[in-house]
Every structure is written in structure tokens, then in C-alpha cells.
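Numbering (the working numbering), first residue to last: 8 to 387.
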């Protein structure tokens, strides 16, 4: 009897244990929908780490800051039909201001200086080239007939941002295959010398870097013959001769590989340019290049996989979308600014810390595009 009782107790305890323990649920297996496949993405310009930069010893520095701003609209008077939208200078024939802007790529290799026609452009953009050994220019022309522009060189990605701002015709001697394809898909006139050889000629005595040239008159004649002129005045800048309030800035040094410096001349009211420690002259006149406005634009520089030369150096994607910091030099003073395009493919304008448009001094303008960490120095 005791044994039977013991068995009953054991069975009862086992029943209690089973009733008191929760059942263990099996781990669910994820269900994968075999019909959902990630869509491929196309990135025309793959990015990597920012390019290395060069920084000189500072003289006096101003740290650029980017503050999101919305420019304050100002009432504007009816524009004077005789004032150039690029320079604010009066012209004798206002019909010249109805022409299409020419955006000409000009080389800057040391062995081809001084360039011809560069110092006579209305606006000049300068940017660093792949390999970080030299810069190149995009020179804009509108109302002046410059007899020779030399040397004409190839295009880069930055021209996809510059040419549309002015509805310009891009003048260049080719480009790498991928950049040439990007240009072919863009909405501006492309006068690649490879496809449009008529306006270009070769000047003996120079190698391939310095021998191709053209002229403003030949380019406009060609545009007319090809029905590409499309006359119409572009939207331009605001100009004012009144000096702004800012920090004294008599000299400005930009640490490009060849070291550019602008020095303010009180008598002329212009900044004069030196390059590599020597005056940068205009070959057609023999005069030192001068500018009424020097604008330093800080923009992101991205690496790409577009090979540009036999050394394997790859193109730089300079980002001129959105907004960023800028330094505006005119009349011997510096105004801290923000650059921002006025709409898609719109003209890049410059606003002060209060969001007001900064007017240009009438005259020529040089726009120096540099990476965000470049140390541009100035002294009073």
C-alpha cells in the first residue's frame, strides 16, 4: 500500500510541474518576398574623401561660416538698357547686350602665360584641376570684341554649373568621354572644338597646351550662322559704386598651387593680380590683370572615378548647388557672405549676414572657387 501511495504522490507532483511551466514557442522564420529586388541606382559622379589641400602660413585670417539665409528682396529701378548685366558698365551699343554670353575655357599652365584675352573678360572663374598642380579658368564675354582668346582648353564638371547660370555657349577643346556625355545632355549651347572646328585656329610656336585660340567676333559669327545666337538679355547682377562696410583687406592671398595674390590699388580702385610671385599680365595689352570685385567661393570638392590624364588623376566634382560661405572683396574691404543660386540653374548671388544682396562694384569680377578648408588670408 505504501508503494502505491508513493506512486500517486509522484504522479501528482509531475502533474503540478507540467501545469505550472509555460510552453516554449518556436522561433518564427522570416518570410522573404522573392519578388522584391532592390532597384539599382545611378550616380554620375561617385564620391569619396575630399581632396587634400594646401595651406600657407596665415597673415590674417577670416573663418568662413555658412548660415542658411533667404535674400531680402529689394525694390529695383528699371534697368538701364546701356548697362552690361555682367559688369554694370555702360556700353555704346545696347544690342551687344542681347548677345549670348560666351563661357570660354582658358588654360593656366606656367609655360603658356601670359594668356591672351583673359584679362579682358567680363567675369572669370578659377578652379583647381585634378592632381592639384594647376588651376584653369572659365572666362565670360558679352559686349567686347576681344581679338584673340588663348589658349583654349578642355571642359570640366564645374562647367555644368557655370554655363547654365548665364545661358552661355561653352567654348572648349573637348573633354573626357564621360564629361563630354554630361555636357551633351545639358541644356546649353556646346561649341566643343572637336565638333565645331570652324571658330578655332592654331598659333605656331606653342605646344598643345597653348596653341588653340579663337576670338569673340569669330564665335558670334559662327553662332549666327548656325542659328544658335538666340538674342535676349540675361538676368545680371546688382551694381553700386558705394563702398560697403567691412574689414580692411588690401591684399588677399589664395593658396592655389601657384599662389595667387590680389593687391588693392587705391588710385584705380581695382585689385591687381600676381601669380607665383609675379604680376599676372594680359598679353594683348601688357597690363597687369585687375578686377573691381574678387569673390572667394568655398565649395565642396569631391573625388570622382572619371580619369582625366595619363597619370590617372581623376576629375573633381565641385558642388555649386545649395549654398555656402563666401568672402567678397571690393574697395579694399572684406564682406563675409553666403553664396546661393537663385533657383535651379539660376545665377549665383551673394548675400550678407542679414540676407541682403551684396552689390558688385561696376567693372570686372574674378570668382575664386576653393575647397572649404582652404586658408585664404588677407591683410589690411
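All C-beta atoms, glycine included, are put in the ideal place defined by N, C-alpha and C.
No experiment lies behind these values; they were computed from the predicted model shown.
Three-state secondary structure (DSSP) at residue i?
| i | result |
| --- | --- |
| residue 389 | No statement about residue 389 is possible, as the shown extent of the chain runs from 8 to 387 and does not include it. |
| residue 205 | coil |
| residue 368 | coil |
| residue 246 | strand |
| residue 324 | strand |
| residue 278 | strand |
| residue 227 | helix |
| residue 94 | coil |
| residue 258 | strand |
| residue 391 | Residue 391 lies beyond the range of the chain shown here (8 to 387); nothing can be said about it. |
| residue 105 | helix |
| residue 373 | strand |
| residue 252 | coil |
| residue 112 | strand |
| residue 273 | coil |
Return the first residue and the last residue of the beta strand (DSSP E) that residue i is part of.
| i | result |
| --- | --- |
| residue 333 | 331-337 |
| residue 348 | 340-348 |
| residue 386 | 384-386 |
| residue 390 | There is simply no residue 390 to check, as the chain begins at 8 and stops at 387 in what is shown. |
| residue 130 | 130-135 |
| residue 175 | Looking at the DSSP string, residue 175 is not in any beta strand (DSSP E), and its letter there is neither H nor E. |
Under 8 Å by Cβ, that's how I've got residue i and residue j pegged, so tell me the actual separation to the nearest angstrom.
| i | j | result |
| --- | --- | --- |
| residue 113 | residue 222 | Not really, about 13 Å apart at Cβ, beyond 8 Å. |
| residue 172 | residue 354 | 5 Å |
| residue 94 | residue 371 | 6 Å |
| residue 148 | residue 129 | 6 Å |
| residue 263 | residue 135 | 7 Å |
Would you kindly report the start and end of the unbroken alpha helix (DSSP H) that includes residue i?
| i | result |
| --- | --- |
| residue 167 | 166-172 |
| residue 199 | Counting along the chain, residue 199 falls outside any alpha helix (DSSP H), though it belongs to the beta strand (DSSP E) covering 196-199. |
| residue 215 | Neither: residue 215 is in no alpha helix (DSSP H) and is coded neither H nor E. |
| residue 192 | 184-192 |
Once the 5 residues before and after residue i are set aside, which same chain residues still bring their CB inside 6 Å of it?
| i | result |
| --- | --- |
| residue 182 | 161 and 162 |
| residue 396 | This structure cannot settle anything about residue 396, because the visible part of the chain is limited to 8 through 387. |
What residues in its chain sit with their C-beta under 8 Å from that of residue i, if we drop five residues either side in the sequence?
| i | result |
| --- | --- |
| residue 272 | 278, 279 and 297 |
| residue 294 | 126 and 288 |
Excluding five sequence neighbours on each side, which residues of the same chain lie with their C-beta closer than 7 Å to the C-beta of residue i?
| i | result |
| --- | --- |
| residue 150 | 91, 98, 103 and 104 |
message = Check whether the stretch 284-291 and the stretch 319-330 touch, using three or more Cβ-Cβ pairs below 8 Å as the test.
response = no
query = Would you say the stretch 361-378 touches the stretch 300-311, given that touching needs at least three Cβ pairs under 8 Å?
reply = yes
inquiry  = Three or more C-beta pairs under 8 Å: does that hold for the stretch 219-235 against the stretch 94-109?
reply    = yes
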